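Numbering (my numbering), first residue to last: 5 to 228.
For glycine and all other residues, C-beta sits at the position ideal for the given N, C-alpha and C.
Treat the numbers as computed from the prediction; the structure is a model and nothing was measured.
Beneath this line is the structure, given in structure tokens, with notes to follow.
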Ligand code: DX5
Ligand code: ZN
């Protein structure tokens with residue numbers, strides 16, 4: 005995998021769950037590359053969302069790869085059931101993973117891509133020792149827990165340092181960003197080295213979600 009292509013990843017968190025099938029079909033037809041599924045446990049983050057049942061439902065509703073972001077304590081408890089439910093990527097937080105290398109290997113054994121992330125206040129160094137082993141590095145650009153929050157400007161420098169760290173490790177991992185991504189922030193993230201863009205409110209909150217996906221993608225192309 006290379007980091008040369010822009011991936012647009014709508015986050016279901018901001019979708020209208022009363023019309024889940026339509027909302028997923030809409031972003032799929034609008035050119036989304038992956039679908040982002042935020043799993044929250046009400047302990048690691050102050051919010052509660054969904055688990056295997058919704059992953060399984062999404063798997064039936066779309067062919068898009070499912071990018072599952074685990075904001076839960078003891079994430080390894082869920083790897084097997086999420087993989088069976090159809091997750092394509094499992095991304096865990098370093099704050100919840102005292103045995104990060106073992107957990108990354110476990111995710112890969114289950115046939116999923118292994119992603120690692122950390123909160124904005126957690127240093128990148130928490131992932132440096134496994135930089136060569138991961139398939140995706142996610143830089144959180146808000147404090148995890150809720151959609152629609154403001155992008156943390158200091159994240160740009162962290163993305164730049166993450167890009168350097170992956171390049172130095174000879175890693176082909178994708179570099180994803182999540183939180184407050186929209187027309188005002190995506191270009192700076194792309195220029196700093198991100199290639200995979202999660203956006204919830206910006207896409208599902210737009211009057212025309214499909215046009216928004218195209219507009220966000222164009223913001224990267226224009227500045228390439
Ligand atoms: C926040 C989640 C995000 C969230 C992003 O904890 O990890 O995926 O859905 O939402 P926006 O794009 O609205 O900031
Ligand atoms: Zn997320």
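Could you check if residue i is buried or exposed, using at least 16 other CB atoms within 10 Å of its CB as the buried criterion?
{"i": "residue 47", "result": "exposed"}
{"i": "residue 21", "result": "exposed"}
{"i": "residue 91", "result": "buried"}
{"i": "residue 121", "result": "buried"}
{"i": "residue 35", "result": "exposed"}
{"i": "residue 70", "result": "buried"}
{"i": "residue 175", "result": "buried"}
{"i": "residue 180", "result": "buried"}
{"i": "residue 14", "result": "buried"}
{"i": "residue 40", "result": "buried"}
{"i": "residue 168", "result": "exposed"}
{"i": "residue 243", "result": "For the chain, the structure presents residues 5 to 228; residue 243 sits outside this window and is missing."}
{"i": "residue 221", "result": "buried"}
{"i": "residue 87", "result": "buried"}
{"i": "residue 11", "result": "buried"}
{"i": "residue 52", "result": "exposed"}
{"i": "residue 101", "result": "buried"}
{"i": "residue 5", "result": "Since pLDDT at residue 5 reaches only 40, below the 50 mark, its modelled position is unreliable, and the value read off the structure follows with that caveat. Looking at its Cβ environment, which holds fewer than 16 other Cβ atoms inside 10 Å, residue 5 is exposed."}
{"i": "residue 7", "result": "Confidence at residue 7 is low in this model, with a pLDDT of 40, below 50, so the placement of that residue is unreliable and no value is reported for it."}
Excluding sequence positions up to five away, which residues of its chain have a Cβ less than 7 Å from the Cβ of residue i?
{"i": "residue 84", "result": "114"}
{"i": "residue 89", "result": "56, 59, 60 and 63"}
{"i": "residue 216", "result": "206, 207 and 210"}
{"i": "residue 9", "result": "199"}
{"i": "residue 126", "result": "98 and 99"}
{"i": "residue 170", "result": "135, 141, 177 and 179"}
{"i": "residue 25", "result": "65"}
{"i": "residue 32", "result": "66 and 68"}
{"i": "residue 213", "result": "30, 31, 34 and 207"}
{"i": "residue 117", "result": "92, 93, 139 and 140"}
{"i": "residue 131", "result": "98, 120, 122 and 141"}
{"i": "residue 189", "result": "155"}
Which same chain residues end up closer than 6 Å to residue i when comparing Cβ atoms and leaving out the 5 residues on each side of it in sequence?
{"i": "residue 208", "result": "18 and 19"}
{"i": "residue 151", "result": "17, 18, 204 and 205"}
{"i": "residue 192", "result": "160"}
{"i": "residue 186", "result": "206"}
Look up residue i in the DSSP assignment and give the residues it is bridged to.
{"i": "residue 41", "result": "72"}
{"i": "residue 182", "result": "144 and 202"}
{"i": "residue 96", "result": "74 and 120"}
Suppose the cutoff is 8 Å on Cβ atoms and the five residues either side in sequence are ignored; what does the same chain contact list for residue i look like?
{"i": "residue 82", "result": "43, 55, 56, 74 and 76"}
{"i": "residue 50", "result": "149"}
Runs of beta strand (DSSP E) wholly within the segment 100-153 (minimum 3 residues, chain order): 117-122 and 140-144
Could you tell me whether the segment 61-80 touches the segment 93-100, using the rule of 3 or more Cβ pairs below 8 Å? yes
If we require 3 or more residues per run, which beta strand (DSSP E) segments fall completely within the segment 189-216? 200-203
Specify whether the segment 182-197 and the segment 163-173 touch according to this definition: at least 3 beta carbon pairs, one from each stretch, less than 8 Å apart. yes
I'd like the ranges of any beta strand (DSSP E) spanning at least 3 consecutive residues and lying wholly in the segment 6-30. 11-14
Are the segment 142-155 and the segment 99-109 touching, with three or more C-beta to C-beta distances below 8 Å? Too few Cβ pairs lie closer than 8 Å, so no.
Decide yes or no for the touch test of the segment 57-66 against the segment 126-145: beta carbon pairs closer than 8 Å, at least 3 of them. no
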